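Participant: Following this message is one structure expressed as structure tokens.
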Amino acid sequence: MTTGIDLILADHRRVDALFEQFAASADPDVIGQIVGALTDHDQAEHATLYPLAHALLGDADLVQRSLVAHEAVKAAIDRLRQLEGSPLVEAVGVLRALVEQHVADEEQHLLPALGERATAAQLDALGTRFEQAKQRVG
Ligand SMILES: [Fe+2]
Ligand SMILES: [Fe+2]
């Protein structure tokens, strides 16, 4: 059974691959794919992951830190929309650094803590709800 954590990790790897693809090609279409993937992931984590983590972990700082990081990513996406040429390429680099920093934090702290605390049934349910949340936005 694919758990919610598996699905979240798969999303993270997909975004890593898209950033790599952009670094190699500078193809502007890839920026649209990155923004779409990040926007869907943001909404699905807000709807499912962070409420569950808040309920089970009792570590408000950990969740709060993630919400702040998501806001920073959204602000970086908003800035991208006004740029073109080399400033756009630089701004994608800034976005990538923000995303990588948050993904590392989520994978090293929040997801392992949730994996220990949640039951198998809760992690399965997270997977189902995460997929549904992504379908609603995508
Ligand atoms: Fe994430
Ligand atoms: Fe996140």
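For the sequence shown, position 117 (counting from the first letter as 1) is numbered 148 according to the working numbering, and the numbering increases by one without interruption.
Note that beta-carbon positions come from the ideal geometry of N, C-alpha and C, so glycine has one too.
Here the structure is a predicted model, which means the values were calculated and not measured.
What's the C-alpha gap between F161 and Y81?
Facilitator: The residue given as residue 161 occupies position 130 in the sequence shown. The residue given as residue 81 occupies position 50 in the sequence shown. Going from the Cα of F161 to the Cα of Y81 covers about 11 Å.
Participant: For L38, count neighbouring C-beta atoms within 10 Å of its own C-beta (all shown protein chains included) and say buried if the count is 16 or more, exposed if not.
Facilitator: Counting from 1 along the sequence shown, the entry for residue 38 is found at position 7. The residue in question, L38, is buried, as its Cβ has 16 or more Cβ neighbours within 10 Å.
Participant: Going along the chain, which residues of its own chain have a beta-carbon closer than 6 Å to the beta-carbon of I65, five neighbours each way excluded?
Facilitator: The residue labelled residue 65 in the question sits at position 34 within the sequence shown. L49, listed in sequence order.
Participant: Can you list the alpha helix (DSSP H) stretches of 4 or more residues lying completely in the region 85-159, in chain order?
Facilitator: Here the runs fully enclosed are 91-111, 116-136 and 142-148.
Participant: Taking the alpha carbon of M32 as the point to measure from, which residue in P59, Q166, G158 and Q163 has its own alpha carbon closest?
Facilitator: Within the sequence shown, the letter at position 1 stands for residue 32. Nearest option by C-alpha distance: G158.
Participant: Which of the three DSSP states, helix, strand or coil, is assigned to A57?
Facilitator: Translated into positions along the sequence shown, residue 57 becomes position 26. Looking at A57 - three-state DSSP - the assignment turns out to be coil, as it is neither helix nor strand.
Participant: So, helix, strand or coil for T79, using DSSP?
Facilitator: Counting from one through the sequence shown, the residue named residue 79 turns up at place 48. Helix at T79.
Participant: If we count the other Cβ atoms within 10 Å of its Cβ and call it buried at 16 or more, is D60 buried or exposed?
Facilitator: What you label residue 60 is simply residue 29 of the sequence shown in a count that begins at 1. D60 is exposed by the Cβ-count criterion.
Participant: What does the alpha-carbon distance come out to for the pair L141 and D92?
Facilitator: By one-based count along the sequence shown, residue 141 stands at place 110. By one-based count along the sequence shown, residue 92 stands at place 61. Looking at the two C-alpha atoms, the distance is approximately 11 Å.
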